[in-house]
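The structure under discussion appears below in the form of structure tokens.
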Amino acid sequence: MATGSRRRETAMSVPATEHHDPAVAFEAAKLGVWTFLATEVLLFGALFTAYTVFRMKYPEMFRVEHAKLDRVLGAVNTVVLITSSLVVVLGVDAIKRGKARLLEAYFGATILLAGVFLCVKYAEYAAKFHHGLYPRTNLFFSLYFVMTGLHGIHVLAGMGLLSYVIVLSRRGRLSEAWHTPAEMSGLYWHFVDLVWIYLFPLLYLIG
Amino acid sequence: MARGTSTSRLVYLAVFAALLALTVVTVLVSYVDLGLGNVVVALLIASVKASLVALFFMHLKGESRLMWGFALIPIVFLSLIIFGTLVDTMLR
Amino acid sequence: MDNVLAFGAASTQAGRVDALFVMIAVIGGFFFFLTQGMLIYFAVKYRRRLPDRDNETPAITGSPLLEFLWVLIPSIVVVVIFYYGWRVYTDQRIPVAGATEVHVNARQWMYEIRYPDGRTAINEIRVPAGKPVKFLLSAADVLHGFYLPDFRVKMDMIPGRVTTLWVQPDRPGSYQIFCTVYCGTGHSNMLARLIVMPPREYAEWVEHGGREVGGGGGHEPLAVRGERIFRNAGCLNCHAIDGKEKIGPNFRGMYGSKVLLEGGASVTADEEYLRESIVDPGAKIVKGYPNVMPTFKASMPPEDVKAVVEYLKMLK
Amino acid sequence: MEGAERIASNRNGRGYLAERGWRSWAFTLDHKRIGAMYLWTTIFFFLVGGVFALLLRLELLSPQARYFSNHTYNVFFTLHGSMMIFLFIIPAIPSGLGNFFIPLQLGARDVAFPRLNLASYWVFAAGFLVVIGSLVAPMDTGWTFYTPYSAKSAAAVTTLSLGIFLLGMSSILTGLNFIVTIHKLRAPGMTWYRMPLFLWGMYATSIIQVIATPVVGVTFLLLAAERVFGVGFFDPSKGGDPVLFQHFFWFYSHPVVYVMILPAMGIVSEVIPVFSRKPIFGYKAIAWSSMAIALGGFLVWGHHMFTSGMSPLANTIFSLMTFFVAVPTAVKVFNWTATLYKGSITFEAPMLYALTFIFLFIVGGLTGPFLGALATNVQLHDTYFVVAHFHYTMMGGTVMGFFAGLHYWFPKMTGRMLNEKVARTAWALIFVGFNVTFFTMFIVGVRGMPRRYAEYLPKFQVENVVSTIGSAVLALGILVMCWNLLQGLRKGAPAPANPWRALTLEWKAASPPETENFHEIPVVTEGPYGYGIPKA
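Protein chains in written order, with the numbering used here: chain R, 1 to 207; chain A, 208 to 299; chain Y, 300 to 615; chain Z, 616 to 1151.
Pasting the structure below:
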């Protein structure tokens, strides 16, 4: 139907907004992402609350149990994520200068780093299971697995997002003038990093 | 299109270096027993790192008041749920 | 006893709660008639007079003074109500010294009572009038509630914790206890009674080892005693004796019948089977029923079990 | 070219409804169609939830279980609560009417993220399908899902948790979309203080949805994790704390009460000035009281837990905060009443429902202090008094506001007028039935009848029978209303663009509006309620 296809086209090709003003569209997307991140803070927030409550209730248990985590591996993962954050921000910077190939390379590297992060995580989980430490073992490990697990799911989602941006870029859709998806997925990726910045000391260092 | 202030790559690298350094510091400090001090130091360092990421990597530095609002509001509510729950669980 | 207008508070404290209730009702009533009155009055008075033409309406858009007043006045009123409610509550929560302590443990779906001197009971708490009582509340499985409507108090019962509730029963009588936190299928049958006895009767009752005064003594037929125990122990919360289905198996005609068990076996419901099912309910589960019954090993002495079995035999 | 096409599409008089076929709905990016899909879905679940309510009332005719077993009764009240809360009252006004009218009232062509909007409908659909899937082992936990019972129950609580998580996600995405829309897509000249009050209400609502919903989402995930992996946050045998579940649950579920009521208050603020032909009294006070309620709503979750063994200090703080959240609510009521003063009031169905909202909401509001004050709360908590109180606010409030909105915007949404006589009959039945049903619950609650009781003491029977009779009248009224809506949809008289002579922007669009709402984006030069007729 003529009207139908016309509408779909306008709605799809000019992403997001309706004043058909790219500047408004960009601002709207950014506000949307920040609002989404606000949601995410509270999603993890409930877990941080549980952590605080139980840590204050059972400090001794946390002290004993957190020593069973490998803080070197944790630190390695921290460095991996921080590096990936830098790489993402360089990727966004590249597309702002119109360099699509560079963006793809940087984002590809980020996905690779995310993969490294997940592999290390996998090794850690395997070691814990090997020693008979499961989510049901005690409250500390309940918290450990739930918090890092939820974070891991976010890492996976981030890898998906970044891949999507690479696909868009390969198709020549991103440019100096319009690169909203790259910038938005960058924001999300930094948030994933941000959560880990807190998880690392809370779980590995101070228990 | 106006994009706010564009941060230079040098700044990104500097921030990255700072983040790395802080990571090393926080790991090293964790080997020293400061009692409650460990918690304070670890959270302080984490917050500095988080602020660096938010300000420079996420470009909050040059953002409008609106974005600042949406960045900070969740922290207020996070403190609220932690505080409200602790008032109960710690004082029963 | 529970008439709204007569209130019928069973203690002085409950009277204070009622006073608070009345105070809020009076304040609320005032604002109710004020606002609803204005709403209806305006709606009638300023209805459109002519079918096709609007009345002249002034372009009033607000009044800072009015806004200020109707922020200020409700604020003051609510602070007053808060303070009064807080005072009454706080007084309720401070136990006086020398209170009788009664442990109440809730499980699906009964209250197990334990007195400090070791006496136990089910679903029936007896205390002397005029002396403060402190209930130490716990739960074995899920959340339960302990609600004494005549005393205007309640408290949740939480697994892994002990919560407390304190009352000062002034008047002898038999008062209802409800479970108020939803706890599963038998929630609405989880009832108990608080029996406040005149001090002398109470002392007699304790002396008799916690048996009903004048309750048959040694002459009582075993089955009659069994029925009394059966009713007091809350068996009826889950078991029917009149052909209907409840949570557990029906007792009518059970004695002597062949019972199909979970897992395919079957057993004849003889005295030994009935006895075992009271002290070790999980041993043989009747097919189609959940394994939820608690053991009565501790709370029902062997001779009481015997009596209950005798009673069950009579349910033909 | 485009302009010509638009006029052509408008000429058949069906506006955004012109296209036919399921694809034109399932893949639509039009906020109006998405809103309409939400409305159909939520009204369907409202009726299903209502049937469960009637079955409950039927059973309560007699003190002993007569028609259903206790377990069946418990399943019914759980389904009634969960469906009404998660599938009707949370999405109905925000996602249904909100989707339809936020862009229209803003003077925008659509919401900020149309594709996200469609996605959130389908996430919602996935959510309710999973919820329906959980009916293989229907839950009997009550809609509050308190642990440890919900962690132990044999019902399909895990499946249900995931379903509710999806519903929550949909709610978050919708809220996010509305926040950005209101910030970024206001028509030229539409300053914040020129926005219709429905938008203020929706903005406050969206903030709550975005901030509070993730907490309940993760809580339900933890409940599922407890059942599947043995995670022990709420399990006392592992050192966990069942009351922590209540904190998390109510951190969401109290603010969400305002997700339900704020949009309804917004609708009332629209309807009252239109049918009084007067500017709204105290625009800024109403607008900011919405924001105050939204924020204050986050400070009071503990008042659901006064008897849960919470610390005395927490009880005190939450009680005090609860009283303060009452003040902005009172301010709204006073302002609506003052708007009527010297008006030129007519009583079409939307106005009747709006006035009913105020009337019933005052009753609900004034019974709040009984529950906010600590001592009386301890008496009345978990009795029928609470049931009566929240039905007066939620059904007497939100649902009446929703009905007001349905009748007010029906001509705009469908292009047809409703039969006013039938609408008033339905209203009268609903008003009478509602009060008979629920006022008796106050009485039986004060007399001490606990809620969620399949069987009750015989001394409570009179009230329960009266209440059941009332519920039959109420149900009849709702049936008549639904019949009237369907009749209007099928053969109502064609509606003009602005049948109520209202001044907000949605009435500048055609009835029904065309696909992108406006031929030209309107330019706003004054506030939304300039009704006063100065003396000639």
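Backbone N, C-alpha and C fix where the C-beta goes; we use that ideal spot for every residue, glycine too. Source: prediction; values computed, not measured.
Whether residue i touches residue j by CB criterion (8 angstroms)
i	j	result
Thr78 (chain R)	Trp178 (chain R)	no
Leu995 (chain Z)	Phe985 (chain Z)	yes
Ala1019 (chain Z)	Met1056 (chain Z)	no
Phe691 (chain Z)	Phe659 (chain Z)	no
Tyr474 (chain Y)	Val505 (chain Y)	no
Ser934 (chain Z)	Gly327 (chain Y)	no
Tyr134 (chain R)	Phe140 (chain R)	no
Arg71 (chain R)	Phe62 (chain R)	no
Gly912 (chain Z)	Phe972 (chain Z)	no
Ala253 (chain A)	Trp34 (chain R)	no
Gly244 (chain R)	Ser175 (chain R)	No information on residue 244 (chain R) is available, as it lies outside the stretch 1 to 207 that chain R covers here.
Residue i - DSSP class collapsed to helix/strand/coil
i	result
Thr419 (chain Y)	strand
Glu634 (chain Z)	coil
Ile206 (chain R)	coil
Arg842 (chain Z)	helix
Gly291 (chain A)	helix
Leu229 (chain A)	helix
Gly152 (chain R)	helix
Ala491 (chain Y)	strand
Glu18 (chain R)	Any reading at Glu18 (chain R) needs caution, since the residue's pLDDT is 45, under 50, leaving its predicted position unreliable; the model's value is listed next. Here Glu18 (chain R) sits in coil by DSSP.
Glu1129 (chain Z)	strand
Leu181 (chain A)	Only positions 208 to 299 of chain A appear in the structure, and residue 181 (chain A) is not among them; the question remains open.
Arg216 (chain A)	helix
Met906 (chain Z)	helix
Leu162 (chain R)	helix
Leu174 (chain R)	coil
Ile901 (chain Z)	helix
Ser959 (chain Z)	coil
Phe1075 (chain Z)	helix
Tyr682 (chain Z)	coil
Val591 (chain Y)	coil
Contact list for residue i against chain Z, beta-carbon separation under 8 angstroms
i	result
Lys453 (chain Y)	Thr922, Val993, Gln994, His996, Asp997
Arg392 (chain Y)	Pro927
Arg136 (chain R)	Phe844, Gly845, Val846, Gly847, Lys853
Gln335 (chain Y)	Phe974, Ile977
Nearest-angstrom Cβ-Cβ length linking residue i and residue j, presumed shorter than 8 angstroms
i	j	result
Gly1030 (chain Z)	Pro1127 (chain Z)	4 angstroms
Ile1129 (chain Z)	Gly630 (chain Z)	A quick correction: the sequence has Glu, not Ile, at residue 1129 (chain Z). That belief holds up - the Cβ atoms of Glu1129 (chain Z) and Gly630 (chain Z) are roughly 5 angstroms apart, short of 8 angstroms.
Ala438 (chain Y)	Pro468 (chain Y)	Contact flag wrong, Cβ pair sits at about 23 angstroms.
Leu691 (chain Y)	Val585 (chain Y)	The question about residue 691 (chain Y) has no answer here: the residues shown for chain Y are numbered 300 through 615.
Gly525 (chain Y)	Ala606 (chain Y)	4 angstroms
Cross-chain neighbours of residue i in chain Y, by beta carbon under 7 angstroms
i	result
Ala879 (chain Z)	By Cβ distance, chain Y contributes nothing, its closest Cβ being about 17 angstroms from Ala879 (chain Z), past 7 angstroms.
Contact list for residue i against chain Z, beta-carbon separation under 7 angstroms
i	result
Phe284 (chain A)	Ile826, Phe913
Arg272 (chain A)	None at all; the shortest Cβ gap to chain Z is about 12 angstroms.
Under 7 angstroms by beta carbon: chain A residues contacting residue i
i	result
Gly45 (chain R)	Leu285, Ile288
Proximal chain R residues relative to residue i, where beta-carbon distance stays under 8 angstroms
i	result
Ala249 (chain A)	Pro201, Leu202, Leu205, Ile206
Cross-chain neighbours of residue i in chain B, by beta carbon under 7 angstroms
i	result
Leu227 (chain A)	No chain B appears in the structure shown, which is made up of the protein chains R, A, Y and Z.
Contact set between residue i and chain R, taken where Cβ atoms lie within less than 9 angstroms
i	result
Val294 (chain A)	Near Val294 (chain A) there are no residues of chain R at all, since even the closest Cβ is about 11 angstroms away, more than 9 angstroms.
His798 (chain Z)	Glu27, Ala28, Leu31
Contacts of residue i in chain A (Cβ-Cβ under 9 angstroms)
i	result
His190 (chain R)	Val260, Ala261, Phe264, Met265
Under 8 angstroms from the C-beta of residue i: neighbouring residues of chain Y
i	result
Arg1067 (chain Z)	Tyr481, His486, Ser487
Amino acids of chain A, ordered along the chain, whose beta-carbon sits closer than 8 angstroms to that of residue i
i	result
Thr35 (chain R)	Phe277
Ala109 (chain R)	Neighbours of Ala109 (chain R) on chain A: none; closest Cβ ~14 angstroms, over 8 angstroms.
Restricting to runs no shorter than 4 residues, where is the alpha helix (DSSP H) found entirely within the segment 499-586 of chain Y?
Within the segment 499-586 of chain Y, the complete alpha helix (DSSP H) runs of at least 4 residues are 521-531, 570-578.
4-residue-minimum alpha helix (DSSP H) runs that sit fully inside the segment 362-421 of chain Y, ordered along the chain
The qualifying runs are 363-392.
Note down, one range per segment and in chain order, each beta strand (DSSP E) of at least 3 residues found wholly within the segment 427-461 of chain Y.
Fully enclosed beta strand (DSSP E) runs of 3 or longer: 432-438, 443-447, 452-456.
For the segment 711-736 of chain Z, list the alpha helix (DSSP H) runs that are entirely contained and at least 4 residues long, ordered along the chain.
Listed in chain order, they are 714-721.
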